[in-house]
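If you're matching positions, the sequence shown starts at 2 in my numbering and goes up one per residue. For each residue, glycine too, the CB sits at the ideal point set by N, CA and C. Note that this is a predicted model, so its numbers are computed, not measured.
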Amino acid sequence: MQDYSPNITEPMSEAHATVSQFALKEGDSFLVADAHGNVTGNGDGFFRNDTRVLSSFVLTLGDVRPSLLSSGVSQDNLYFTAHLTNQPLPSLGSPTPQGVVHVERKRFLWEGRIFEFIRLVNYSDVTTRISLKLRFAADFRDMFEVRGETRTRRGEFHTPELSSRSAGFAYQGLDGVLRRVSIDFSQDPDELAPNHATFDVTLAARGAWQLYLEVGPCGAEPSRPRYRQAAARAWRHLRLRRQRGAWTAASGRLFQSWLDKSHADLALLTTDLPTGPYPYAGIPWFSTPFGRDAIVTSLQTLWLDPGLSRGVLAFLAEHQARETSAFYDSQPGKIMHETRKGEMASVNEVPFSRYYGGVDTTPLFVMLAGAYARRTGDRAFVDELWPSLLSAVGWIETNAGLHPHGLIAYERGETSGLANQGWKDSHDSVFHEDGSSAEGPIALVEVQGYAYRAYRDMAEMADWRGETQAAERWRGLAKTLRDTIERLFWIEDMRYYALALDGRQHPCRVRSSNPGHLLFAGAIRKKRAAAVIRQLTSRALSSGWGVRTLAVEAARFNPMSYHNGSVWPHDVALCAAGMSRYGDRDSVVRILANMFEASVHFGMRLPELFCGFERVVGEAPIAYPVACLPQAWAAGSIFMLLEACLGLHIDGRRRRLLIDRPSLPLGVDHLRIRKLPLGDRAVDLHFHRVDGRVLALVERQAGAEGVTVDVRV
């Protein structure tokens, strides 16, 4: 995804800090607010279809912000609740001492609107008069404006419409779309203006007062019954999403909390589209369909929930490029990188209405299809997907045909697009040993691994379909590409693979996490895989919390950067899955332990990324201030790490489950996997530690057909 983080040489303002912000999401709407429940306009707000429809929403008592007692999002991600109390209030009568009025704000999202409940309770023994004020504004800024893009002109703001209990705002965009938002209250304010509503409340001793309000695209009549009915529907919908796929139950209480929060985050971020469930990338900046992110998230969770992969494959196939455009970086067969619904995308101020500037998304799409076919044995869906797969692999072959060594390379079509088009897509993420930028076309090392695996997967699926001649050709392309990777990217004196080859075919002699993805793809020799694993787990690349994106000696290493020295959980998980593929379970167990310990410091959920500073005993990992939280492929990382630990391989075509030398996370002695789908059956597995060994057994099978289970200890 794009790097919209501030330049590291510039100070990071409070406006960019997301560490103490709280997010709710439902469908194509999401809300980001501070710990008080306030929206201040500093990068936060209520967003709908990539437009910020509510840019300010601040509660005060007598023009004074109340003191924060506690706040947070519920474990299931449905509710945000803030508990506040008054500071000394001199207004509206005799002074009210501090800490006698409790303020509760409780909200959730449903069907594109905010439902909020505000309750005041007077715990003093005298009557108290309070002026509760809600300040609000609607700036209708496009997401890219909120992230710092400037515009030469904007559309037209309509005059606010006020009624006794409602304030309505509207904006006619340059794309011709009329965007509206209405703020509605369950009772008449004592004062209602275009920027605030005031309620003068008299609270008897031990008395209470409550208000319901809604913020949505059209007017409403908020009430307690509406609030409760909407909450019940939202809870049921979220619960259904959480129930998809298998469930995991661990003996370690904190580890289970991490599992549960990760499940909840994936359920929150997953939107039900006409093509099936689709995980949006992350909140706040990437709450939209991304190609690469959704594919990686699906690979992470495929063993537990194949339905997510099916939904992602169907959506991406439907939006596959069919024409060439330099502005959108599209060519026939290419898989989408990102799609946006905002005004700036609609009028082509930015190319992201449907953007294809990702060199790795197309081979990853084929990889996911191959993995889905192995996992499920769903031949009918593979046949349905086959024309899209042929088009995708056709793009890979065409791209490789343009390179002198048959590699997959990129160079952006126009300056409005992304300069770098791998997963590390910051402008400064691909460079040489001396720190100079690599000039294109650039061939990233991990992308060659993805292409190798895509060819192998196409061959496997073609064999399944009886297309043996095509299968042999793709196997030949895979072998040739693997030999080319070894010949051009392996740097003997580094005992490691180069980050990339530039347009002059010069290797970028930089140690990075990227070769860990070669392990994941199974694209390199076993002896060299051992060398890669040693370096990935060395102090140069491992911070003690996880694998860094760059080794510490790299010319552009900066532990506070977006891609040049930070730790990305999904990157760590892919590297660890690759280590497991080559038989190294011990390293996976240690990496999983590091990730778990990091999650404890981030509220039992991993952010999009965090800083790559060396781990210090007694200190927490250092947060990256503009990281998305939650982020889909960060939430999914635990499941890929766990699968790698367990040595679990599922062959849906043969109804076979292989458990190869399983390990358990440190501190977890029992792990149960319930309702693991395998064809028409559901299997319950139990892993438990006995005398230093991990044993696995099948506790239950349900369904029509038998499942073969092969356990190798």
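By DSSP's assignment, tryptophan 546 forms no beta bridge with any residue. Within its own chain, the residues whose Cβ lies closer than 7 Å to the Cβ of arginine 225, once the five positions on either side in sequence are excluded, are Tyr213, listed in chain order. A contact between stretches requires three or more CB pairs, one per stretch, nearer than 8 Å, and the stretch 134 to 142 meets this requirement with the stretch 189 to 202.
Histidine 84: member of the beta strand (DSSP E) spanning 81 to 86, first to last residue.
Here tyrosine 281 carries a coil assignment [DSSP, helix/strand/coil]. Between the stretch 393 to 412 and the stretch 361 to 371 there are three or more inter-stretch CB-CB distances shorter than 8 Å, so the stretches are counted as touching. Per the Cβ contact rule, the stretch 532 to 540 is not in contact with the stretch 466 to 481 (fewer than 3 Cβ pairs under 8 Å). The beta carbon of glutamate 440 is closer than 6 Å to those of Asp503 and Gly504 in its chain, skipping five residues each way along the sequence.
Between isoleucine 525 and isoleucine 486, the CB-CB gap stays under 8 Å. Contact between the stretch 441 to 451 and the stretch 507 to 526 is established, with three or more Cβ pairs separated by less than 8 Å. As a beta-bridge residue in DSSP terms, lysine 107 pairs with Thr82 and Phe118.
Contact between the stretch 414 to 430 and the stretch 326 to 335 is present, with at least three C-beta pairs closer than 8 Å. The Cβ neighbour count for proline 89, taken over all protein chains shown within 10 Å, is under 16; the residue is labelled exposed. Annotation for isoleucine 592: the continuous alpha helix (DSSP H) segment containing it runs 586 to 602. Per the coordinates, the alpha-carbon of threonine 86 lies some 32 Å from the alpha-carbon of glycine 283. A contact is defined here as three or more CB-CB pairs under 8 Å, and the stretch 375 to 389 meets this definition with respect to the stretch 302 to 309. In terms of Cβ geometry, alanine 577 and valine 568 do not form a close pair [threshold 8 Å]. In this chain, the beta strand (DSSP E) harbouring glutamine 702 covers 694 to 703. In this structure, the beta-carbon distance from leucine 79 to phenylalanine 109 falls below 8 Å.
In the DSSP assignment, leucine 679 falls within the beta strand (DSSP E) that extends over 671 to 679. Comparing C-alpha distances from alanine 703 to each of Phe688, Val710 and Pro678 shows the shortest one belongs to Pro678. No Cβ-Cβ contact shorter than 8 Å links phenylalanine 688 with leucine 667. Just measuring C-alpha positions, the residue of Leu482, Asp429 and Gly584 sitting nearest cysteine 509 is Asp429. For histidine 238, the enclosing alpha helix (DSSP H) starts and ends at 225 to 243. The alpha-carbon of serine 638 is positioned some 17 Å away from that of tyrosine 279.
DSSP lists Leu502 as the beta-bridge partner residues of proline 508. The beta carbons of proline 223 and aspartate 191 sit no closer together than 8 Å. Counting the other CB atoms within 10 Å of its CB gives phenylalanine 170 a total of 16 or more, which places it among the buried residues. Three or more Cβ pairs closer than 8 Å define a contact, and the stretch 140 to 158 falls short of that threshold against the stretch 225 to 239. Around the beta-carbon of leucine 179, fewer than 16 other beta-carbon atoms lie within 10 Å, marking it exposed. Across the set Met495, Leu55, Ala555 and Leu267, the C-alpha of Ala555 shows the shortest separation from the C-alpha of serine 437.
Annotation: the continuous alpha helix (DSSP H) that includes threonine 363 extends over 362 to 377.
Taken atom to atom, the span from the alpha-carbon of proline 626 to that of methionine 462 is near 43 Å. Using a Cβ-Cβ distance cut-off of 8 Å, the stretch 546 to 554 and the stretch 611 to 620 are in contact, since at least three pairs of beta carbons, one from each stretch, lie closer than that value.
Secondary structure of alanine 555 (DSSP, three-state): coil. In the three-state DSSP reduction, glutamine 301 falls in the helix class (H, G or I).
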